[in-house]
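Okay, structure first, notes after.
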């Protein structure tokens, strides 16, 4: 039983793309990340916050995902490595429970346009604002 749990957990953090550079630029409120395949992305703090992998945001089932409003001005105040597979981000609204695996960051980066548009559509549908 223990072996299958360990295998399942290892698959959760399977890393196909490794970062070679990771910098937060506070004036842009964006996390700049370059992967080993030379692809570089700028991920806004607001985007990372509203897509936090934490249970608080994602829930325990896709139907429980929260739509966060008022995060336009959020920033990142700390970045901590988690093993060799992820980082923990602390935002200035004090949210700090999401662990961003390299695989998850790559997904957020490569699917940013689609994910962001779905968020904006949902905000409009609910009559919510990005402004604090």
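In this note's numbering, the protein residues as written are 11 to 142. We put the beta carbon where it would ideally sit given N, CA and C, even for glycine.
Unbroken beta strand (DSSP E) runs of no fewer than 3 residues, entirely contained in the region 24-99, are found at 29-35, 40-45, 50-54, 86-92, following chain order. Considering only 113, 101, 70, the residue with the shortest C-alpha distance to residue 83 is 101.
Three or more Cβ pairs closer than 8 Å define a contact, and the region 73-81 falls short of that threshold against the region 119-126. When DSSP reads this structure, residue 111 sits in a beta bridge with 96. With fewer than 16 other beta carbons inside 10 angstroms of its own, residue 128 counts as exposed.
Remark: three or more beta-carbon pairs, one from each stretch, lie closer than 8 Å, so the region 79-96 and the region 41-60 are flagged as touching. CA-CA distance, residue 25 to residue 91, rounds to 15 Å.
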